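Here's the structure, in structure tokens; my notes come after.
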Amino acid sequence: MRRLFLPLILLLLVVLEGVALDILPSNLIDGDLMITPHWVLMFLVLVAIFYDSEETYHSILYAMVFGLLIDIAYTGILGVYMFTYGGVIYIIHGLRNMLHSNIYTILLFGIMGVAAADFIINIIFYVIGIMDALWMDYLMYRLIPSILANSLFVLLFYPLFAKRLAKWREQLS
Amino acid sequence: MSLFRKKRLFTLLIGIIVLVALIGFSLRDRSELSTVEQFVNDTIGWIQNAISAPVKYVANIVENIDDIRDTYDENQLLREKLAQYKGLIYEAQEIKEENQELRGLLDKADSIRSYNPIHATVTARSPEHWIEQVTINKGDIDGVEVNMAVITADGMVGKIQSVSKATSTVQLLSGFDEFNRISATISREDEGDDIFGLIEEYDEETDSLLFRIIEESDQDLKEGELVVSSGMGGVFPAGLPIGTVKEVVPDQYGLTRTALVKPAANMYEINNVVVVDRKLDGEEGDQE
């Protein structure tokens, strides 16, 4: 039963990402700012650091599966999120032992993760020809607001799940 | 699992090959989604349906409280307007009846104007901004097909991009590119003064649709004139409002002119939509 918790939470986050933009007041979306939720990625950062050990790779597997789900449900272009999330989580998984795991490192990893993921996704979209904004505009109106919004999300999720994830790991091993 | 560590380069290369293959597969011009995609879309759509209902309910309450403040002023204004409309309604009814009679005489029941409405609710919007699409809770079972027009009470918002069994995705007007043209017209009182053209694509910079004018008329185009679909493209019915003219600019060679059209419907606040199933079939394979 406990094994199902993680996939269920992740599935819920995938679904919520689609509803999220409806909740926000429309003048926020209507204007120039563009905020992209990367909640799944943020949660996977927590999983990579608190749930995985050196030898287990749950987070990377989940990153690829749920990245693919996001691709299917929200963009219709397969592989983009799957590849990006997989790669970013793999790097964070590799870096996890360099720093102590407390809220500051999580925040750092979260910011790095969002920045890297959003950037790679946009490079891929740029190459395919879907995105056609100036890179400067992209940086100001999209990347920075996205990073801020998503780090807020990490701050919210850290107290909720950090202890719990560590506990689930103990119980499973 | 040691594959991840020992053969990093190998895995990375395979990953990139898979990525390119998948992107190539999904960018190919395909008319139907694969079974797996349909299944995933339906599953996620089902959960979204369950979640978006209470979320919207709460969001609505907040909005309603806002609205109450303006209610009195609006009420006065609407009452005045209502009095004017009463006459119009009567007139429209007369004309409709007459139209039906005349159609009966001609033995021509369906025109390019008539359509079957399929009512649907928006359950999700793509969090990826470059991809302007929303998900609605009606699909194949309800008779939705690819390329049908999608409208709200204000006007056209987009067209159906792909269909699953119980959900489908709508490409919004703001995501239209040169591959989805709409043949449109500006209707005038005199038959000869109508302007025909094509809605070519959405321009991000000016936030408007580009309406390339093919057939000019003597009377000049004015700001604020209503652009509606003409039904000549074979897919969308005629008479769906698209937007109002904002500005007219000549193209780079000065041969034709392009009007910037402000979409009539708000692309960001879409809750209930109607999928338009045109009664009269266009030619097969006709791209609008």
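If you're matching them up, the sequences are chains W and B in order.
Numbering-wise, numbering that gives the first Met the number 0 puts 121 at position 122 of the first sequence, and it's gapless, one number per residue.
Numbering-wise, numbering that gives the first Met the number 0 puts 252 at position 253 of the second sequence, and it's gapless, one number per residue.
In this text, a Cβ means the ideal position worked out from N, Cα and C, and glycines have one as well.
What you are looking at is a predicted structure, and each value in this text was computed from that prediction instead of being measured.
At a beta-carbon threshold of 9 Å, none of the residues of chain W lie near B:Gly142; the nearest stands roughly 22 Å away.
Remark: three or more beta-carbon pairs, one from each stretch, lie closer than 8 Å, so the segment 108 to 124 of chain W and the segment 145 to 164 of chain W are flagged as touching. Under the 8 Å criterion on CB atoms, W:Met111 is classed as non-interfacial with respect to chain B. By a beta-carbon distance limit of 8 Å, B:Glu200 contacts B:Phe175. Their separation comes to about 6 Å.
Counting of Cβ neighbours within 10 angstroms places B:Thr257 among the buried residues, the total reaching 16 or more. In this structure B:Val248 is not in contact with B:Gly223, their Cβ atoms being roughly 16 Å apart against a cut-off of 8 Å.
In the three-state DSSP reduction, B:Thr134 falls in the strand class (E or B). If you keep only unbroken alpha helix (DSSP H) runs of at least 4 residues inside the segment 83 to 108 of chain W, you get nothing at all. Here W:Asp51 carries a coil assignment [DSSP, helix/strand/coil]. Contacts between W:Met41 and chain B, judged by CB atoms closer than 8 Å, are missing: the closest CB pair is about 13 Å apart. In the DSSP annotation of this structure, W:Pro158 is not part of any beta strand (DSSP E); the continuous alpha helix (DSSP H) holding it starts and ends at Ile143 to Leu171. Taking 8 Å as the CB threshold, B:Ile50 lines the interface with chain W.
No Cβ of chain B is located within less than 8 Å of the beta carbon of W:Tyr61. Runs of beta strand (DSSP E) with 3 or more residues, each lying fully within the segment 155 to 181 of chain B, are found at 155 to 162 and 167 to 171, listed in chain order. When beta bridges are read from the DSSP output, B:Asn115 appears opposite B:Asp276. Distance from the CA of B:Asn98 to the CA of B:Tyr89, rounded to the nearest whole angstrom, comes to 14 Å. When the beta-carbon positions are compared, W:Leu20 and B:Pro126 come within less than 8 Å of each other.
From the listed residues W:Ala62, W:Val14, W:Pro36 and W:Asn96, the smallest Cα separation to B:Trp45 is found for W:Val14. DSSP places B:Pro53 in the uninterrupted alpha helix (DSSP H) bounded by Thr34 to Leu105. Interface criterion not met: the Cβ of W:Glu169 is under 8 Å from no Cβ in chain B. Straight across, the Cα-Cα distance linking W:Thr35 with B:Gln92 is about 48 Å.
With three or more CB-CB distances shorter than 8 Å, the segment 142 to 149 of chain B counts as touching the segment 158 to 174 of chain B. When secondary structure is reduced to three states using DSSP, W:Ile120 falls in the helix class. Excluding five sequence positions before and after W:Ala115, the CB atoms of its chain that fall closer than 6 Å to its own CB belong to Val87, given in chain order. In the structure shown, B:Val234 falls within a coil segment according to DSSP collapsed to helix, strand and coil. Between W:Phe65 and W:Leu164, the C-beta gap is not smaller than 8 Å, which leaves the two residues out of contact. Sequence-distant Cβ neighbours of B:Glu131 in its own chain, meaning closer than 7 Å and more than five residues away, are Gln170, Leu171, Ser173 and Gly174. Nearest CB-CB separation between B:Leu26 and chain W: below the 8 Å threshold.
Taking C-beta atoms under 8 Å as the contact rule, B:Val227 and B:Pro240 qualify, at a distance of about 5 Å. Using a CB distance cut-off of 8 Å, B:Asn59 does not count as an interface residue toward chain W.
With its beta carbon at least 8 Å from every one in chain W, B:Leu197 lies outside the interface. Taking a Cβ-Cβ cut-off of 9 Å, W:Pro158 has no neighbours in chain B, whose nearest Cβ is about 23 Å from it. With a 10 Å radius around the Cβ and a threshold of 16 neighbouring Cβ atoms, W:Lys162 comes out exposed.
Using a Cβ-Cβ cut-off of 8 Å, B:Leu18 counts as an interface residue toward chain W, since at least one Cβ of chain W sits closer than that to its own. If you draw a straight line from the Cα of W:Met33 to the Cα of W:Ala72, it is about 20 Å long. Here W:Leu171 is near W:Arg1, since their CB atoms are less than 8 Å apart.
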